[in-house]
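Residues in the sequence shown are numbered consecutively from 1, following UniProt numbering.
First up is the structure itself, then whatever we jot down about it.
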Amino acid sequence: MLIIPGFGIISTTISANSNKSVFGYLGMVYAMCSIGILGFVVWSHHMYTVGLDVDKLVFTEKILLYAGNSSINSPLIFIMLGIIYLFKRQSAGNFGFSTKATAVTKNTYTNYKNLPLISEHVPNHKSNLTDDEFGWFLAGLIEGDGWFGHKELHIIFAEEDISLAYLIKKRIGHGNIYKIKNKKAIRYICKNSTGLSIILSLINGKLLSNFKYDQLINHNYSEYFNLTLLPPLKRLSLDNYWLAGFTQADGCFHISIAKSKTHKTGFSVRLEYSLKQNDSLPLTLLYNELKLGNLSQYSTGIWCYKSTGFKTAFNLINYFDIYNLFAGKYKSYLKFRKVYIMITEGKHLEEKGIKKIISIATKGSSETSTQEI
């Protein structure tokens, strides 16, 4: 990003001292375009590996110092500065749909003192959910990694969430749990008509998208169980357990610790929250609800919502403190929460704090969703 203004500084200085044009106007245009293309390639790689937050922290003051003591007379320079300004406002994420949102999250990274605080005391974990609460959680869980066949329901769990699988089996009163061969995953299967009837009564009217709803329609569940299936909501609310269930299935909390030459500790810290799905609708609804983060699609067709911003982390903590996760996913969330508190205290800028964060991130780390299993 600094190649073009650097080139401009050098050429302008030479031209001013020699009273001669360095390239001529057309030659200058060609030179700037060529350097611009090469610069964009370098800039893209740099943004992917380092991030805009570090660049702004290190170089903005120096650029403004030069700009404040210079006169700009060429329209071409004005155009190039405009392009640089536009680039600075773009998201560094791949296929990002949000420019404003990612700019906000990266700004908060360098201004940790302005981050909203949360209590160090974790609210009591609520495992005894009401039928309505459990229905929302189960609907999100099934839309995350479950499917309906002919009079049967399958839900996949990460191996570390086996206690949740048994909790659901106990709550429904029917079903069986199996270890998936050669994979760190287990499967809950319910083929019992009474059990399926209980499940349908819990989740009816709580599904968000058409995927699982269409499975119910195609397998004639409304006829078999004599009930009216309510259509998908196609909207997401942060006032129920649906997102908790969906995150339980497909969500990842990741503490990203990257080497950085610009931090005195030698490391930078980010809090990543991500979800992967074949169905884009739930992720789009989440993106629209949070208005932060990044939504992209891989070449394989899988959709991914991802956020590394501390503002998003704060919003998620406010949600998951109320609408709890379970088993291994809950442990990963508590690590995520703990590191957020350390960041608000500035401990990520101290060597002792970084060592503690690395210890939290690596001890019993779990960053796998069932989508990856």
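Each residue gets a CB set at the ideal place from its N, CA and C atoms; glycine is no exception.
Only a predicted model underlies this, so the values are computations on that prediction, with no experimental measurement involved.
Quick one, are the C-beta atoms of Asn324 and Ala244 less than 8 Å apart?
yes
Euclidean distance between Cα positions of Pro231 and Leu207:
8 Å
Once you ignore the five residues that flank Ile354 on each side, which residues in its own chain have a CB closer than 7 Å to its CB?
Thr265, Phe267 and His348
Is the beta carbon of Ala313 closer than 8 Å to that of Asp145?
no
What distance in whole Å lies between the Cβ atoms of Phe157 and Tyr188, which are believed to be in contact at a cut-off of 8 Å?
7 Å
For the beta strand (DSSP E) containing Glu272, list its first residue and its last residue.
Phe267 to Gln277
Per the DSSP calculation, Lys306 is bridged to which residue(s)?
Ser274 and Asn294
Can you list, in chain order, the residues of its chain whose CB lies under 7 Å from that of Pro116, leaving out five sequence neighbours each side?
Phe314
Which residue from Ile217, Ser201, Gly346 and Ser274 puts its Cα closest to that of His263?
Gly346
Which value, in whole angstroms, describes the spacing of the CA atoms of Leu290 and Cys304?
15 Å
Range of the contiguous beta strand (DSSP E) that encloses Ile155:
Glu152 to Ala158
Given that a residue counts as buried once 16 or more other Cβ atoms are within 10 Å of its Cβ, and exposed if not, what is Asn220?
exposed
Counted within 10 angstroms of its Cβ, other Cβ atoms place Leu138 as buried (16 or more) or exposed:
buried
Would you say the segment 193-201 touches the segment 170-179, given that touching needs at least three Cβ pairs under 8 Å?
yes
I'd like to check one pair, Leu285 with Gln277: are the Cβ atoms closer than 8 Å?
no
Element boundaries [alpha helix (DSSP H), containing Ser119]:
Per DSSP, Ser119 belongs to no alpha helix (DSSP H) and is neither H nor E.
Please classify Cys33 as buried or exposed, where buried requires at least 16 other C-beta atoms within 10 Å of its C-beta.
exposed
What are the complete alpha helix (DSSP H) segments, minimum 4 residues, inside the segment 177-251?
193-203, 210-218, 221-224 and 242-250
Evaluate Leu153 with the Cβ neighbour count: other Cβ atoms within 10 Å of its Cβ, from every protein chain shown; 16 or more gives buried, anything less gives exposed.
buried
By DSSP, does Phe326 sit in helix, in strand, or in coil?
coil
Whose C-alpha, out of Ser280, His150 and Lys170, is nearest the C-alpha of Arg235?
Ser280
Whole-Å CB distance - Phe134 paired with Leu200, under 8 Å assumed:
Contact doesn't hold; Cβ gap of about 13 Å is too wide.
Over what stretch of residues does the beta strand (DSSP E) that includes Gly149 continue unbroken?
Gly146 to Gly149
Residue closest to Tyr224, alpha-carbon to alpha-carbon, out of Gly149, Lys170 and Ile118
Gly149
Can you list, in chain order, the residues of its chain with a C-beta nearer than 8 Å to that of Leu334? Leave out the 5 residues immediately preceding and following it.
Val122
Specify the secondary structure class of Ser299 as computed by DSSP and reduced to three states.
coil
Can you give the Cα-Cα distance for Ile357 and Gln215, rounded to whole angstroms?
44 Å
Quick check on the burial criterion: 16 or more other C-beta atoms within 10 angstroms. Buried or exposed for Asp239?
exposed
If contacts are defined as beta-carbon pairs under 8 Å, then Ala165 and Ile186 qualify, I think. What distance do you get, rounded to the angstrom?
6 Å
Span separating the alpha-carbon of Asn114 from that of Lys126:
31 Å
By DSSP, does Lys259 sit in helix, in strand, or in coil?
strand
Could you check if Asn294 is buried or exposed, using at least 16 other CB atoms within 10 Å of its CB as the buried criterion?
buried
So, is Ile37 buried or exposed, given that buried needs 16 or more other C-beta atoms within 10 angstroms?
exposed
If you measure between the beta carbons of Val339 and Leu275, is that distance less than 8 Å?
no
Please tell me whether Ile142 and Ile162 are closer than 8 Å, where the distance is taken between their beta carbons.
no
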